[in-house]
Amino acid sequence: MLVLGRLSLTLALVFSLASVLFLALGTRWDRKDLIRNGYYAVYAFFLTTVVSSAVLLQAFLKKDFSFGYVTENSDASLSTFYRIAGFWAGQQGSFLLWLLLIAVVTVVIALLDLGKVQRLVAGAVMVLCATGAVFSALMVFNAASSPFAKAVPGTQPFGLNPLLLHPAMVLHPPALFIGYVGLSVPFAFAVSALLLGDAGKTWVKLSQKWAVFGWLALSLGIGLGAWWAYVVLSFGGYWGWDPVENTSLVPWLAATALLHSFTLYRTRGIFKHWALGLAAATFFFTILATWTTRTGLIQSVHAFEKNQLLVVILTSFLVAIAAVTVGLMAWRWRRFASHDEVESLLSRDFMYYVTDLLLTLFAVAVAFGTVVVPLAMNRTVGPTTYNAIAQPLGVVTLALIAICPLLAWRKTEGATLLRLLVLPAVFAAASVPLWLALGFGSSLRGMVGLVVCGFAAGAVVQFVLRSARTAAGKDGSLWSGLGRAFSGSRSRTAAYFVHFGMVLVVAGLIGSNVYKVEQSAIVRVKPGTTASVSGYTLTYRGMHNGTGPQSSTRAIATFDVSRGGVPAGVLEPRTDVYPVAGAAVRAVILGGWKQDLFVVADAPFDKTSSTIALRMVVFPLIRFVWLGSILLCVGAAVSLWPKARRQEQEAREVVAAEGDADGGLGRASA
Amino acid sequence: MNKKSRTRLLVATGFIVVVFVVGVVFLVQRQGAYYRQVSDLAAGQYNGKNVKVGGKVLNGTITRDTSGVHFTIQDLTGKPGTVKVTYAGQMPNTFNSGVDVVVVGKYASGDQTITADQLQTKCPSKYKAQATTPPTATQ
Numbered sequence: 001m002l003v004l005g006r007l008s009l010t011l012a013l014v015f016s017l018a019s020v021l022f023l024a025l026g027t028r029w030d031r032k033d034l035i036r037n038g039y040y041a042v043y044a045f046f047l048t049t050v051v052s053s054a055v056l057l058q059a060f061l062k063k064d065f066s067f068g069y070v071t072e073n074s075d076a077s078l079s080t081f082y083r084i085a086g087f088w089a090g091q092q093g094s095f096l097l098w099l100l101l102i103a104v105v106t107v108v109i110a111l112l113d114l115g116k117v118q119r120l121v122a123g124a125v126m127v128l129c130a131t132g133a134v135f136s137a138l139m140v141f142n143a144a145s146s147p148f149a150k151a152v153p154g155t156q157p158f159g160l161n162p163l164l165l166h167p168a169m170v171l172h173p174p175a176l177f178i179g180y181v182g183l184s185v186p187f188a189f190a191v192s193a194l195l196l197g198d199a200g201k202t203w204v205k206l207s208q209k210w211a212v213f214g215w216l217a218l219s220l221g222i223g224l225g226a227w228w229a230y231v232v233l234s235f236g237g238y239w240g241w242d243p244v245e246n247t248s249l250v251p252w253l254a255a256t257a258l259l260h261s262f263t264l265y266r267t268r269g270i271f272k273h274w275a276l277g278l279a280a281a282t283f284f285f286t287i288l289a290t291w292t293t294r295t296g297l298i299q300s301v302h303a304f305e306k307n308q309l310l311v312v313i314l315t316s317f318l319v320a321i322a323a324v325t326v327g328l329m330a331w332r333w334r335r336f337a338s339h340d341e342v343e344s345l346l347s348r349d350f351m352y353y354v355t356d357l358l359l360t361l362f363a364v365a366v367a368f369g370t371v372v373v374p375l376a377m378n379r380t381v382g383p384t385t386y387n388a389i390a391q392p393l394g395v396v397t398l399a400l401i402a403i404c405p406l407l408a409w410r411k412t413e414g415a416t417l418l419r420l421l422v423l424p425a426v427f428a429a430a431s432v433p434l435w436l437a438l439g440f441g442s443s444l445r446g447m448v449g450l451v452v453c454g455f456a457a458g459a460v461v462q463f464v465l466r467s468a469r470t471a472a473g474k475d476g477s478l479w480s481g482l483g484r485a486f487s488g489s490r491s492r493t494a495a496y497f498v499h500f501g502m503v504l505v506v507a508g509l510i511g512s513n514v515y516k517v518e519q520s521a522i523v524r525v526k527p528g529t530t531a532s533v534s535g536y537t538l539t540y541r542g543m544h545n546g547t548g549p550q551s552s553t554r555a556i557a558t559f560d561v562s563r564g565g566v567p568a569g570v571l572e573p574r575t576d577v578y579p580v581a582g583a584a585v586r587a588v589i590l591g592g593w594k595q596d597l598f599v600v601a602d603a604p605f606d607k608t609s610s611t612i613a614l615r616m617v618v619f620p621l622i623r624f625v626w627l628g629s630i631l632l633c634v635g636a637a638v639s640l641w642p643k644a645r646r647q648e649q650e651a652r653e654v655v656a657a658e659g660d661a662d663g664g665l666g667r668a669s670a
Numbered sequence: 671m672n673k674k675s676r677t678r679l680l681v682a683t684g685f686i687v688v689v690f691v692v693g694v695v696f697l698v699q700r701q702g703a704y705y706r707q708v709s710d711l712a713a714g715q716y717n718g719k720n721v722k723v724g725g726k727v728l729n730g731t732i733t734r735d736t737s738g739v740h741f742t743i744q745d746l747t748g749k750p751g752t753v754k755v756t757y758a759g760q761m762p763n764t765f766n767s768g769v770d771v772v773v774v775g776k777y778a779s780g781d782q783t784i785t786a787d788q789l790q791t792k793c794p795s796k797y798k799a800q801a802t803t804p805p806t807a808t809q
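Protein sequences, first through last, are from chains A and B.
The numbering used here puts the first residue of the first sequence at 1, with every later residue one more than the last.
The numbering used here puts the first residue of the second sequence at 671, with every later residue one more than the last.
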């Protein structure tokens, strides 16, 4: 079976290279027959990656410990669910999963184009196949990166790291990889458009859905990772500005900017260089993420055995991406020139542009702090620095999110804007007493951010109402307009959800960062001993043993929790002791909309302990981070939902109607 | 008009970029910790500066009180050298004696102590290089 795995990977490399060759020649000479042959090679590439993935999957399912990779990432006692997760639990398998996803995306694009055989699509498929070739070459030529290595005889299966035994952690890596692969499609189309000198809208139209899809998966992946860190990792937070986290945030920021510059490109035909550059930057950052997390160059604490060949291949890949992009863009600079003059600073064009600029700068700053500072400056920056950058930038971006959709393209009259800003201003003012009542008056910085959140929430409401009024027309009722505002333009409906989700996320981030209250206490193991934090009192009741997953034994300490003298619940922080992996403390959370009480032991305890080092953290508004993240994903899903023909017609009518309206929301005819 | 609006765009862009870059460089210069080994600290040139060092937590040195946790770490490169660490933040799940940790914080050469504001143990990241031994309790 190992041989079959290796053979199919080698064939995947051969077929991906073959399709690159066919597609390059077919696109160059405009020969449909060659392009078709290239597509057939793509099918073969897809089939061979499916075979090699199936080989690895069946090895996990059948507990075939002759596979070195299966031995390292699984054991006989794991449930089927976690045995499947073993597939992507290590570096080698995750490369294979990535390759499989590239192949899936590539074959879908090729299949959809088999009828038309467009050069632009063929060029993009060629770029995707080249990416696939890099990943297959990595596994074929670098033995340490291959999931098909023989197990060292006599090695006991390692099992899965107990910290990873959580559904969020099973889904988090595939979600990230799906995101990364989805976001390589815009790059592929950008390169194809540059090669062909096709500065029209087609490449943007063809890659837009993939970009949204990739963005959705990446958002989901980051959200799941944060949730896992919060509930499992027990370090008292959900985001540590760790290189592994940062490198997934960077492509997300670039992709967010990309989606907005796609809108500018599609509807206004402006800032084309930005769209091309951001498509390339997003892809570059996804590979940079792999480079950072897998080469071990950044986090020396891991004491990785550095794998030279892996470093060489991935570094060359990064250099190649940058060189190809810069070279092609320099070559085609004039062809993609557009009238980027902004008529007025009070226009949607300009606000979109500033949003793109800020998101890009943010992405570059995080990448700089994560990669350049440690490698080139031999220094390191931590959460304090990242927060100092992220907090003001987050609030400014939120303000832009608020104002941007209310502005017209090209130019907005000051008086119109002022009228539109009344409602957001009322929301902002009304939110002040709310925040004060919730006890957030203690920090001016936090209050400023929260009031901006109130303002932005009002702006989203205004955005929806404006669309509803425009959709209803002169005689229609606001209600029917509201229905049409939601069923009309998909991307606009998506924007309602995503922007409102973003408001909630930022409010949650401010609440749980600025107003976090942390308290540690050493509790004597004697019933009735108390510890308190921020109005909560925890009373120790006793300790008992239990069993946890993966034949672990569990020591559970029971605390009664009361708030202002009123019982609020019971919390049972615990220590799990795994047979191989050892002891790990587990946090428990008493959740609520206003705040979470998070309790964890600072050190493992058992029945022989005389004290428990208890850490208690209160995270205000943290649930809004999760709720907002869900809304972000809902929004993205809405914009992906296929339209019925009738709805599409209606949407066009709405857009047309808006074009006639005063332009408060109207789209300029492109 | 065209020329004017183009200039305005460039000025606005330039202003935002400059403010941002200056801010980031300033923050990195001021807060960026020097990545050093424990044995590098003895010379005293990092007194009062932010440092990031990795080390192994020595057995029997962990003590706790309400001000946080105190322990001593040993150089990882094999050179002689230890430094005391005081840390009041959240403890990583896998912290224990014998674990490799990375601490970031201000170093005081007087009492040879790092007052850490970050403490990381070996991260449970899945992308470890080829493991040659089964994971230990610190994995």
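From the three backbone atoms N, C-alpha and C, an ideal C-beta is built for every residue, glycine too.
Only counting runs of 4 or more residues, tell me where the alpha helix (DSSP H) segments fall wholly within the stretch 563-650 of chain A, in order along the chain. Fully enclosed alpha helix (DSSP H) runs of 4 or longer: 622-640.
Using 8 Å as the cut-off, can you tell me whether the stretch 368-376 of chain A makes contact with the stretch 253-266 of chain A, which would need three or more C-beta pairs spanning the two stretches below that distance? no
Could you please tell me which residues of the stretch 680-698 of chain B, in chain order, have their CB closer than 9 Å to any CB of chain A? A682, T683, I686, V687, F690, V691, G693, V694, L697 and V698
Neighbourhood of K205 of chain A by C-beta distance below 8 Å, restricted to the same chain and skipping five residues each side: R266
Using a Cβ cut-off of 8 Å, pull out every chain B residue sitting near S520 of chain A, in sequence order please. T736, G738 and A758
For the stretch 148-156 of chain A against the stretch 108-123 of chain A, do three or more pairs of beta-carbon atoms, one drawn from each stretch, fall closer than 8 Å, so that the two count as touching? The stretch 148-156 of chain A is not in contact with the stretch 108-123 of chain A.
Let me check one thing: in DSSP terms, what residues is R706 of chain B bridge-paired to? B:V723
Contact check, V701 of chain A vs L614 of chain A under 8 Å by CB: the rounded distance? What the structure shows of chain A is the stretch from 1 to 670, and residue 701 of chain A is not part of that stretch, so it cannot be assessed.
Taking Y536 of chain A as part of the beta strand (DSSP E), name the residues at either end of that continuous run. Y536 to T547
For my contact list, A103 of chain A and F46 of chain A are in at a C-beta cut-off of 8 Å; report their separation, rounded to the angstrom. With a beta-carbon spacing of about 4 Å, A103 of chain A and F46 of chain A fall inside the 8 Å limit used to define contacts.
I want to verify the contact list: residues of chain A whose CB lies under 8 Å from the CB of G774 of chain B, in sequence order. Going by the sequence as given, residue 774 of chain B is Val instead of Gly. By Cβ distance, chain A contributes T380 and G382.
Among the candidates A:F362, A:V625, A:S467 and A:N513, whose CA atom is the shortest distance from the CA of F690 of chain B? For F690 of chain B, the nearest C-alpha among the options comes from A:F362.
P162 of chain A and F65 of chain A closer than 7 Å at C-beta: no
Please say whether S234 of chain A and A587 of chain A have beta carbons closer to each other than 7 Å? yes
In whole angstroms, what separates the C-alpha of G546 of chain A from that of V3 of chain A? Going by the C-alpha atoms only, they are around 44 Å apart.
Can you tell me where the beta strand (DSSP E) holding T785 of chain B begins and where it ends? T783 to T791
Helix, strand or coil: how does DSSP classify E72 of chain A here? E72 of chain A sits in a helix when the DSSP states are folded into three classes.
On the CB-based measure, 16 or more other CB atoms within 10 Å of its CB, does K654 of chain B come out buried or exposed? Outside the shown range of chain B, which is 671 to 809, sits residue 654 of chain B, and nothing can be said about it.
Who are the Cβ neighbours of A758 of chain B in its own chain at under 7 Å, not counting the five residues just before and after it? S737 and G738
According to the neighbour-count rule (16 or more other Cβ atoms, all chains shown, within 10 Å of its Cβ), is G382 of chain A buried or exposed? So G382 of chain A counts as buried.
Nearest-angstrom Cβ-Cβ length linking A459 of chain A and I510 of chain A, presumed shorter than 8 Å: Rounded, the Cβ-Cβ distance is 17 Å, inconsistent with contact.
Would you say Q782 of chain B faces chain A, with C-beta separation under 7 Å as the test? no
Whose C-beta lies closer than 6 Å to the C-beta of L423 of chain A among residues of the same chain, with five residues either side of it excluded? Same-chain partners within the cutoff: G458 and Q462.
I'd like to know whether the C-beta of A365 of chain A is nearer than 7 Å to at least one C-beta of chain B. With 7 Å as the cut-off, A365 of chain A counts as an interface residue toward chain B.
For Q308 of chain A, three-class secondary structure by DSSP: helix
Proximity winner among A:L160, A:F486 and A:S8, relative to N73 of chain A (alpha-carbon distances): A:L160
Hey, V250 of chain A and A367 of chain A: beta-carbon distance below 7 Å or not? yes
Unbroken beta strand (DSSP E) run spanning S145 of chain A, endpoints: Taken as a continuous stretch (DSSP letters only), S145 of chain A belongs to no beta strand (DSSP E), as it is neither H nor E.
Could you check whether L393 of chain A and G501 of chain A sit closer than 7 Å to each other, using their CB atoms as the reference points? no
Classify H339 of chain A: buried if its beta carbon has 16 or more other beta carbons within 10 angstroms, exposed otherwise. exposed
With a cut-off of 8 Å, do at least 3 Cβ pairs link the stretch 278-291 of chain A to the stretch 239-253 of chain A? yes
Taking the beta strand (DSSP E) that I743 of chain B falls in, what are its first and last residues? G738 to Q744
Mind pulling the chain A residues with CB within less than 9 Å of A703 of chain B? R379, T380, V381 and G382
Suppose the cutoff is 6 Å on Cβ atoms and the five residues either side in sequence are ignored; what does the same chain contact list for A193 of chain A look like? W203
At least 3 beta-carbon pairs within less than 8 Å: the stretch 204-224 of chain A vs the stretch 178-192 of chain A: yes
Counting along the chain, where does the beta strand (DSSP E) carrying D770 of chain B start and finish? D770 to A778
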